[in-house]
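For what it's worth, the numbering used here labels the leading residue of the sequence shown as 108, then goes sequentially.
Just so you know, even glycine gets a beta-carbon here, dropped at the ideal spot from N, CA and C.
First the structure, in the form of structure tokens, and then the observations on it.
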Amino acid sequence: MAKNIPLVLKKLTEYHGTTMLGEFSSRYNKWQVLVSTILSARARDEVTMPLCKELFSKYPTMQKLAKANIKDVEKLIKRIGFYRNKAKNIVQASRMILEKFKGKVPSKREELMKLPGVGSKVAGCVRVYAFNEPSIPVDTHVHRIVNRLGWVKTKTPDQTEQQLEKIVPKRYWKLVNELLVYHGKTICLSQIPRCSECVVEKYCKKVGVKKQK
108 MAKNIPLVLK KLTEYHGTTM LGEFSSRYNK WQVLVSTILS ARARDEVTMP LCKELFSKYP
168 TMQKLAKANI KDVEKLIKRI GFYRNKAKNI VQASRMILEK FKGKVPSKRE ELMKLPGVGS
228 KVAGCVRVYA FNEPSIPVDT HVHRIVNRLG WVKTKTPDQT EQQLEKIVPK RYWKLVNELL
288 VYHGKTICLS QIPRCSECVV EKYCKKVGVK KQK
């Protein structure tokens, strides 16, 4: 099973190309990665990516977003899910970084999680994509897919993260999150996965899959 992990990740890389998270990492600064990650929660990539470009065009710096009227930000990001909460969170997080962290995005998980809108998963992603810290952030997509594949047999994302760090070579840790989150949003869906379209179907044990396309 562990021998297949690099092959599965290679095939997913070839199929999906550069994902939204990968683009955030290469294009944006640490503050922009934080804001983008908060906005991307429970949202489609095709909505999040252009919206982030619009947001950073109007508010190119942390200082400008911190001074923004939350209602104005709401209007700008209205087409994304939970836009009211997200508008408040990104403005207040920017203010908090300026006031309590001297304008620098904190790198420690516990400090990141003090920011509005930042839970364990967002903090993990920021550490990986903004600071290049070795970690495997596990959300519902990653947890679901690696259990379906048969890589792990776990009940919670925390258990999954611990098991993955034991079996996945460290050089692939970032890819696990980047690729499986996108794969989970587009192909390996929670209810009825699109197995006929999946490039790694033959490596999947389909644990728990009752219906498929």
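- Looking only at C-alpha atoms, which of D265, I197, K110 sits nearest to S242? The residue with the shortest Cα to Cα distance from S242 is D265.
- Message: Please state whether the Cβ-Cβ distance between P223 and Q199 is less than 7 angstroms.
- Response: Contact flag set, yes.
- Query: Whole alpha helix (DSSP H) runs in the segment 161-230 with 4 or more residues, listed along the chain?
  - Reply: Along the segment 161-230, the alpha helix (DSSP H) occurs as fully enclosed runs of 4 or more residues at 169-173, 177-183, 190-207, 216-219, listed in sequence order.
- When you compare only the Cα positions, how much space is there between Y122 and T267? Y122 and T267: Cα-Cα distance of roughly 24 angstroms.
- Host alpha helix (DSSP H) of V249 (start-end): Element bounds for V249: 247-256.
- With 16 other CB atoms within 10 Å as the buried threshold, where does P300 fall? Under this definition P300 is a buried residue.
- Query: Distance, Cα to Cα, E304 vs A148?
  - Reply: Roughly 25 angstroms between the two C-alpha positions.
- Message: Please report the straight-line C-alpha distance between E161 and Q270, rounded to a whole angstrom.
- Response: Approximately 39 angstroms between the Cα atoms of the pair.
- Can you tell which of L119, I252, V229, K211 has its C-alpha closest to the C-alpha of G291? For the options L119, I252, V229, K211, the alpha carbon positioned closest to that of G291 is the one of I252.
- Query: How would you call T144, buried or exposed, if buried means at least 16 neighbouring beta carbons within 10 angstroms?
  - Reply: Under this definition T144 is a buried residue.
- Task: Over the uninterrupted alpha helix (DSSP H) stretch that includes E272, give me the two end residues.
- Result: Where E272 is concerned, the enclosing alpha helix (DSSP H) stretches over 264-274.
- What residue range is occupied by the uninterrupted alpha helix (DSSP H) comprising Q319? Here Q319 belongs to no alpha helix (DSSP H), and DSSP marks it neither H nor E.
- Query: Between K118 and V307, which are expected to be in contact by the criterion C-beta below 8 angstroms, what is the C-beta distance as a whole number of angstroms?
  - Reply: Right, the Cβ-Cβ distance comes to about 5 angstroms (below 8 angstroms), so this counts as a contact.
- Item | Assigned secondary structure, F131 (DSSP; H/G/I helix, E/B strand, else coil) | Here F131 sits in helix by DSSP.
- Item | N-terminal and C-terminal residue of the alpha helix (DSSP H) that P113 is part of | Looking at the DSSP string, the run of the alpha helix (DSSP H) that includes P113 is 112-123.
- Return the CA-CA distance between I184 and G124, expressed in angstroms with no decimal places. Across the structure, I184 and G124 are spaced so that their CA atoms are roughly 26 angstroms apart.
- Distance, K165 Cα to C232 Cα: For C232 and K165, the distance between alpha carbons rounds to 24 angstroms.
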